[in-house]
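What follows is a short report on a single structure.
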Amino acid sequence: MSSFRSRCPPPPPSQLFSSSTPPNKLGPNKLQLFSPSKINLFLRILRKRPDNYHDLSSLFQAISLGDTLTIEKVDSPSDKFTCNMPGVPVDSSNLVLKAVNLLRSHTGTNDVKFDIDLYKRCPAQAGLGGGSANAATALYACNKLLGSPCTSEELIEMSAELGSDITFFLSKGTAYCTGRGEIMNEVAPLKDSNDVKCTIVKINLGLSTPTVFKALDYDKLSATDPEEILKQFSEKGTKVSPEYFVNDLQSPAFECLPKLKELKEMCDECDFDTVMMSGSGTSIFCLGESGNSEMWRRVNGRDDVQVFETKFMNRNSEAEWYDEP
Numbered sequence: 001m002s003s004f005r006s007r008c009p010p011p012p013p014s015q016l017f018s019s020s021t022p023p024n025k026l027g028p029n030k031l032q033l034f035s036p037s038k039i040n041l042f043l044r045i046l047r048k049r050p051d052n053y054h055d056l057s058s059l060f061q062a063i064s065l066g067d068t069l070t071i072e073k074v075d076s077p078s079d080k081f082t083c084n085m086p087g088v089p090v091d092s093s094n095l096v097l098k099a100v101n102l103l104r105s106h107t108g109t110n111d112v113k114f115d116i117d118l119y120k121r122c123p124a125q126a127g128l129g130g131g132s133a134n135a136a137t138a139l140y141a142c143n144k145l146l147g148s149p150c151t152s153e154e155l156i157e158m159s160a161e162l163g164s165d166i167t168f169f170l171s172k173g174t175a176y177c178t179g180r181g182e183i184m185n186e187v188a189p190l191k192d193s194n195d196v197k198c199t200i201v202k203i204n205l206g207l208s209t210p211t212v213f214k215a216l217d218y219d220k221l222s223a224t225d226p227e228e229i230l231k232q233f234s235e236k237g238t239k240v241s242p243e244y245f246v247n248d249l250q251s252p253a254f255e256c257l258p259k260l261k262e263l264k265e266m267c268d269e270c271d272f273d274t275v276m277m278s279g280s281g282t283s284i285f286c287l288g289e290s291g292n293s294e295m296w297r298r299v300n301g302r303d304d305v306q307v308f309e310t311k312f313m314n315r316n317s318e319a320e321w322y323d324e325p
């Protein structure tokens, strides 16, 4: 498990893999899968589209901060969905149930029902894609429990119907995403991916993605070519020149939430290799080790933040899901 300081307790023993049970194999009708989150190593906003979405280019990287999804195929007249985190909807508005319903619709299996338990560790409104990952994990798990009627390509097509970031989590863990985020291109793991320490600092305040986009000043967008940024990351990993760590949503998020800007500035003073906001916020990711232990103690000791120590994650093939870290 990745170590973290959080106000979410660890899952009870019944929700952890036992030493005698291989991950993902809890019986023919039951799966328990890790649902990772992500950071955006760069995020360029290119233009607003006629449909009011935005075209973007971004390098997504899966990280080991995540949730646990347990799904069982049951003989029942209806689905059951539970979640440990207060405030998470457990009705049909949740992306997990939307994913399950979409898969059943595509496969003609509406009579098959599931018991689903979601154990959340990833904070909401963090720019980490936790809800999107849960939906992708549910698609993968239910497809397995139904006997894999859908190919990986079909699952990817379905995920694009559900939301912008969901497609990424059906990649192998590193991907260049374009369109509104749903066009996913696999990228080889970064050269230093096994060695990168990634610390997530999340202020206990949230921002919705639409709120951040409304504050976007199109005259202040980066002019850096996203293809050149991708080339630099592919060649040098996270050791790229600092100007390639670009997030066009960082400034508008700071305008919406000045306390987030203050937190980022404190993290800058901790002298990590890289400090940047992920997605539309409100998480800051810090790569490397802190060179200012006193300032880091101040950040780590704040009552209004959660700190998660994570690592980059990649999976081996389309047939294997992400391992529990």
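Anchor point for the sequence shown: position 133 equals 133 in the UniProt record's numbering, and the numbering is continuous, going up by one each time. Every residue, glycine too, gets a C-beta built ideally from N, C-alpha and C. Owing to the predicted nature of the structure, the values given are computational and were not obtained by experimental measurement.
For residue i, name the three-state secondary structure that DSSP assigns.
i	result
R104	helix
M313	coil
R298	helix
S64	strand
Y322	coil
T151	coil
Y119	strand
N40	strand
T137	helix
Q125	coil
T167	helix
S159	helix
S92	coil
L33	strand
S57	strand
L26	coil
L46	strand
L146	coil
Out of curiosity, what's the CA-to-CA distance linking residue i and residue j?
i	j	result
V307	S132	21 Å
Y244	S222	10 Å
P23	I200	Confidence at P23 is low in this model, with a pLDDT of 45, below 50, so its placement is unreliable and the value that follows should be read with caution. P23 and I200: Cα-Cα distance of roughly 26 Å.
S241	F272	14 Å
E269	S57	29 Å
V100	L118	14 Å
L97	T82	11 Å
G237	D195	11 Å
S20	G27	Only weak support is given to the placement of S20: the predicted model assigns it a pLDDT of 31, under 50, and the question is left unresolved by the model.
M277	S283	6 Å
D55	P149	32 Å
K233	C177	Correcting the residue identity first, residue 233 is Phe in this sequence and not Lys. F233 and C177: Cα-Cα distance of roughly 14 Å.
residue 326	E235	Limits of the chain in this structure are 1 at one end and 325 at the other, which puts residue 326 out of reach.
K48	D225	17 Å
D91	T151	27 Å
K80	S293	47 Å
T274	S105	44 Å
Going by the CB atoms, is the gap between residue j and residue i shorter than 9 Å?
i	j	result
N40	N247	yes
G66	S37	yes
A136	T167	yes
L162	Y140	no
V212	L263	no
N134	S35	yes
residue 362	L69	Because the chain here runs from 1 to 325, residue 362 falls outside it and cannot be looked at.
residue 326	I156	In the structure as shown, the chain starts at 1 and stops at 325, and residue 326 therefore has no counterpart that could be examined.
I229	F42	yes
G129	K120	no
A215	P252	yes
L287	I203	no
residue 380	T174	The shown model of the chain, from 1 to 325, leaves out residue 380, and the question about it has no answer.
Between residue i and chain B, is the shortest Cβ-Cβ distance under 9 Å, so that the two count as touching?
i	result
K236	The structure shown contains no chain B; it holds only a single protein chain.
The ligand FAD and residue i: does the residue's C-beta get closer than 8 Å to at least one heavy atom of that ligand?
i	result
D165	Annotation note on the ligand FAD: not contained in the displayed structure, which lists no ligands.
Q) Would you say the segment 194-211 touches the segment 125-140, given that touching needs at least three Cβ pairs under 8 Å? A) Yes, since at least three Cβ pairs between the segment 194-211 and the segment 125-140 fall closer than 8 Å, the two stretches touch.
(Q) For the segment 56-76 against the segment 298-313, do three or more pairs of beta-carbon atoms, one drawn from each stretch, fall closer than 8 Å, so that the two count as touching? (A) Touching, yes.
Q.
Quick check on the DSSP output: what are the complete alpha helix (DSSP H) runs of length 4 or more inside the segment 235-288, in order along the chain?
A. Qualifying alpha helix (DSSP H) stretches, in chain order: 250-256, 258-269.
Q: Please go through the segment 173-226 and give each complete alpha helix (DSSP H) segment of 4 or more residues, from N-terminal end onward.
A: Whole alpha helix (DSSP H) segments, 4+ residues: 209-214.
Q. Is it true that the segment 106-117 meets the segment 72-81, where meeting means three or more beta-carbon pairs spaced less than 8 Å apart?
A. Contact between the segment 106-117 and the segment 72-81 is present: 3 or more CB-CB pairs across the two stretches fall below 8 Å.
Q. Is there contact between the segment 316-323 and the segment 296-307, where contact requires at least three CB pairs shorter than 8 Å?
A. No contact exists between the segment 316-323 and the segment 296-307.
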